[in-house]
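Counting from 1, position 167 in the sequence shown corresponds to residue 173 in our numbering; the numbering is continuous, with no gaps. Every residue gets a Cβ at the ideal spot worked out from N, C-alpha and C, and that includes glycine. Predicted, not measured: the structure shown is a model, and the values here were computed from it. Down below is the structure, laid out as structure tokens.
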Amino acid sequence: MGLVQSWANEPLLKTAFAEQVKSMQQLEALVEKTIKDHLKEAGLLGQLKRCLKVEGIGFLTGARLIAAFQRGDFRNADAFIAFLGMDLRVAKSGQKDGRRSLTKRGDPEARRLLHNAAMSASRTPAWKGFYEAQRARGFSTTQALVILARKLARVVFALLKGQSEYQPKVG
7 MGLVQSWANE
17 PLLKTAFAEQ
27 VKSMQQLEAL
37 VEKTIKDHLK
47 EAGLLGQLKR
57 CLKVEGIGFL
67 TGARLIAAFQ
77 RGDFRNADAF
87 IAFLGMDLRV
97 AKSGQKDGRR
107 SLTKRGDPEA
117 RRLLHNAAMS
127 ASRTPAWKGF
137 YEAQRARGFS
147 TTQALVILAR
157 KLARVVFALL
167 KGQSEYQPKV
177 G
């Protein structure tokens, strides 16, 4: 999109970019249709619809989380979080408390999608308060987004595990 805007005054490039953008949109639609067909074939479209009701969770994120959920038999949300590689590695030794960091053992694409979902969710009325509360507690923007991404993963896990419908908090 940035290239299209930066060369907007060049007529030859404008048409070339328009063709490229149209081609990319067609490719995106094809990929989305293929994913949807696979989910339908596996009987998971209902699960996707459940996930899409969560603010911030989009089509790709929902599909990726469903795929991750299907890969294991998770006893609880912590196991699912660990599978995604979003659990914390604690560095402690005696009196020394080290920095905490993500283990990053799981699917990097799922983590990236969850981070993007958290960025989107942090702007919605349902999650903005939660995000701002984390920032007020002194967490950096990235840390607050990771906390929100973990929360979103927990919500999705609960929906998928319990086959329940999403009920956003009111007020």
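Classification of residue i by the beta-carbon crowding that lies within 10 angstroms, buried from 16 upward
i: K46; result: exposed
i: R111; result: exposed
i: L36; result: exposed
i: Q32; result: exposed
i: Q169; result: exposed
i: Q26; result: exposed
Proximity of residue i and residue j at Cβ, strictly below 8 Å
i: A159; j: I87; result: yes
i: F65; j: E38; result: yes
i: R118; j: L90; result: no
i: N92; j: R143; result: For the record, residue 92 in the displayed sequence is Met; it is not Asn. No, they are not a contact pair.
i: A164; j: A83; result: yes
i: L120; j: T67; result: yes
i: I41; j: A24; result: no
Of the residues the options, the one placed nearest residue i, counting alpha carbons only
i: V162; options: G52, E38, R56 and T21; result: R56
i: Q53; options: L36, A74 and T40; result: A74
i: L94; options: S126, L71, I153 and G68; result: I153
i: E115; options: L71, H44, T147 and S126; result: L71
i: L166; options: F80, Q26 and A24; result: F80
i: R5; options: T147, A139 and D113; result: What is shown of the chain runs 7 to 177, which leaves residue 5 out entirely.
i: K175; options: G135, Q140, A139 and T147; result: G135
Original post:
On the three-pair Cβ rule with 8 Å, is the stretch 61–70 touching the stretch 119–132?
Top reply: Taking a contact to require three or more Cβ pairs closer than 8 Å, the stretch 61–70 and the stretch 119–132 qualify as touching.
**OP:** Only counting runs of 4 or more residues, tell me where the alpha helix (DSSP H) segments fall wholly within the stretch 38–100, in order along the chain.
**Re:** Here the runs fully enclosed are 51–58, 65–76 and 83–90.
**OP:** Only counting runs of 3 or more residues, tell me where the beta strand (DSSP E) segments fall wholly within the stretch 138–176, in order along the chain.
**Re:** List check, beta strand (DSSP E) in window: nothing returned.
Subject >> alpha helix (DSSP H) runs contained entirely in the stretch 106–137, provided each spans 4 or more residues >> reply: For the alpha helix (DSSP H) assignment, the uninterrupted runs of no fewer than 4 residues enclosed by the stretch 106–137 are, from N- to C-terminal side, 114–127.
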